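To start, the structure under review is shown below, and the notes come after it.
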Amino acid sequence: MRNKYKVILILVFTFCCGQVFSQRLSREKINDTIEKMPTLSIHKDNYFITGIPTNKDIASKTADAKYQISFKALVTRNTLPFDTHLFITYTQKAFWNVYEFSSPFRELNFNPGIGLGKPVYNKKDRLAGMAYLQLEHESNGRDSIYSRSWNSLSLSYHTAINKNLLLSVKGWLPFRYKKDNPELIDYVGYGKLSLTYNLIPDKLLVDLMLRKGIKDWNGTLRTRLLYKPFDSSNLHLMLEWYKGNAESLINFEENRSMIRAGFVLKSDELNFLKSLPDAF
1 MRNKYKVILI LVFTFCCGQV FSQRLSREKI NDTIEKMPTL SIHKDNYFIT
51 GIPTNKDIAS KTADAKYQIS FKALVTRNTL PFDTHLFITY TQKAFWNVYE
101 FSSPFRELNF NPGIGLGKPV YNKKDRLAGM AYLQLEHESN GRDSIYSRSW
151 NSLSLSYHTA INKNLLLSVK GWLPFRYKKD NPELIDYVGY GKLSLTYNLI
201 PDKLLVDLML RKGIKDWNGT LRTRLLYKPF DSSNLHLMLE WYKGNAESLI
251 NFEENRSMIR AGFVLKSDEL NFLKSLPDAF
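Residue numbers (full-length UniProt numbering): 1 to 280.
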């Protein structure tokens with residue numbers, strides 16, 4: 001229960017930071033930005049990376065490739081009550097034992113969702129951040145003893161602390177997960193915190209994701225370093241270190257440490273938060 005309260009406190013803190021620091025697009029400008037957003041866009045980062053473990057012997061069975069496909073479709077554009085807009089999302093993540101004989105897929109995770117998005121404004125009617133209420137399902141599409149799935153109702157808030165730092169907090173209430181994986185929340189907890197920092201604007205950035213389980217020292221630290229080689233493209237080179245639990249659903253209890261590198265098409269749906277004209 002205390003972990004739930006911690007997530008709520010972090011959400012409140014993030015909201016307050018946005019009220020103070022996230023400068024300062026008008027309501028009219030934001031509505032115009034949402035109206036011009038494409039119907040179909042990248043949701044989470046789309047990537048293909050491959051690598052090796054750092055906490056076990058390197059072999060064809062322990063090295064792998066991981067890729068993710070994710071998109072978001074706008075259903076409405078600020079036409080719902082309270083200036084909200086409706087969207088659907090779909091993310092698919094694959095773990096591929098590409099170096100083994102016959103290159104089998106070890107695991108596929110499917111993550112559809114539906115949500116409401118809302119710009120949040122300060123007392124001067126200027127943008128402070130973006131809030132999202134989402135209903136999500138995640139499963140590995142298998143049955144019997146290999147079935148892993150969970151559902152969640154989540155609230156997230158995203159704000160620019162300054163022109164180079166983006167802060168995101170997401171808290172969730174899980175449900176209908178105890179049949180397949182009753183201990184899952186011990187490893188994924190009730191929320192996560194993400195930080196994205198521009199080391200060199202529009203060229204080099206670092207991305208951190210922290211997630212704390214509710215049991216012992218379970219959790220996740222994911223660190224990404226991304227380099228954009230071409231100004232005219234959204235293609236990035238990415239180095240990722242994943243340390244912790246629940247990288248995939250089938251082995252959510254396993255504490256993994258993987259270094260991978262590859263290519264990524266990075267989501268830009270929150271870029272306008274970092275490019276506010278008088279942020280500091």
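Glycine is no exception: its CB is placed at the ideal position from the N, C-alpha and C atoms.
As the structure is a computational prediction, the values presented were derived from the model and not from experiment.
{"Asked": "Please report how far the alpha carbon of Ser-267 lies from the alpha carbon of Pro-119, in whole angstroms.", "Found": "18 Å"}
{"Asked": "Arg-260: buried (16+ other C-beta within 10 angstroms of its C-beta) or exposed?", "Found": "buried"}
{"Asked": "Do you know offhand how far Arg-148's Cα is from Ile-185's?", "Found": "13 Å"}
{"Asked": "For chain D, check one thing: does any of its Cβ atoms lie closer than 8 Å to the Cβ of Ser-147?", "Found": "Looking for chain D here will not work: only one protein chain is present."}
{"Asked": "Using the C-alpha atoms, what's the distance from Pro-174 back to Gly-262?", "Found": "32 Å"}
{"Asked": "Using three-state DSSP, classify Val-120 as helix, strand or coil.", "Found": "strand"}
{"Asked": "Per the contact definition of three or more C-beta pairs closer than 8 Å, is the segment 57 to 75 in contact with the segment 93 to 104?", "Found": "yes"}
{"Asked": "May I ask you to report which of helix, strand or coil DSSP gives Ser-147?", "Found": "coil"}
{"Asked": "Buried or exposed: which applies to Asp-278, given that a residue is buried once 16 or more other Cβ atoms fall within 10 Å of its Cβ?", "Found": "Legend: pLDDT at Asp-278 = 44, less than 50; position of this residue unreliable, no value from coordinates given."}
{"Asked": "If we count Cβ pairs, one from each stretch, closer than 8 Å, do we get three or more for the segment 230 to 245 versus the segment 113 to 129?", "Found": "no"}
{"Asked": "For the beta strand (DSSP E) containing Tyr-132, name the first residue and the last one.", "Found": "127 to 139"}
{"Asked": "Could you tell me which residues DSSP pairs with Arg-224 in its beta bridges?", "Found": "Asp-207, Glu-240"}
{"Asked": "Going by CA-CA distance only, name the one from Ser-248, Val-169, Asp-32 that's closest to Tyr-146.", "Found": "Ser-248"}
{"Asked": "Do the segment 210 to 228 and the segment 56 to 63 make contact, defined as three or more Cβ pairs closer than 8 Å?", "Found": "no"}
{"Asked": "Quick one: what does DSSP say Phe-21 is sitting in, helix, strand or coil?", "Found": "Only weak support exists for where Phe-21 lies, its pLDDT of 45 falling under 50; the value from the coordinates is given anyway. Three-state DSSP puts Phe-21 in a helix."}
{"Asked": "Just the Cα atoms here: how many angstroms apart are Asp-180 and Asn-151?", "Found": "11 Å"}
{"Asked": "Can you tell me the Cα-Cα spacing of Gly-51 and Asn-245, whole angstroms?", "Found": "17 Å"}
{"Asked": "How long is the line joining the alpha carbons of Arg-224 and Leu-204, rounded to whole angstroms?", "Found": "11 Å"}
{"Asked": "Rounded to the nearest angstrom, how far is the Cβ of Phe-110 from that of Glu-138, given a contact under 8 Å?", "Found": "7 Å"}
{"Asked": "What's the C-alpha gap between Ala-59 and Trp-241?", "Found": "18 Å"}
{"Asked": "Using DSSP's beta-bridge definition, name the partner residues of Trp-172.", "Found": "Ser-154"}
{"Asked": "In this structure, how does DSSP classify Asp-64 when only helix, strand and coil are distinguished?", "Found": "strand"}
{"Asked": "Pick from Leu-116, Leu-199, Tyr-121: whose alpha carbon is nearest that of Lys-29?", "Found": "Tyr-121"}
{"Asked": "Compute the distance between the beta-carbons of Tyr-227 and Leu-237, then report whether it is under 8 Å.", "Found": "yes"}
{"Asked": "Checking 8 Å against the spacing of the C-beta atoms, do Phe-82 and Ser-41 come in under that value?", "Found": "no"}
{"Asked": "Return helix, strand or coil for Asn-251, following the three-state DSSP convention.", "Found": "coil"}
{"Asked": "Thinking C-beta only, is Thr-89 closer than 8 Å to Gly-113?", "Found": "yes"}
{"Asked": "Per DSSP, what kind of secondary structure is Glu-100 in: helix, strand or coil?", "Found": "coil"}
{"Asked": "Does DSSP classify Phe-272 as helix, strand or coil?", "Found": "helix"}
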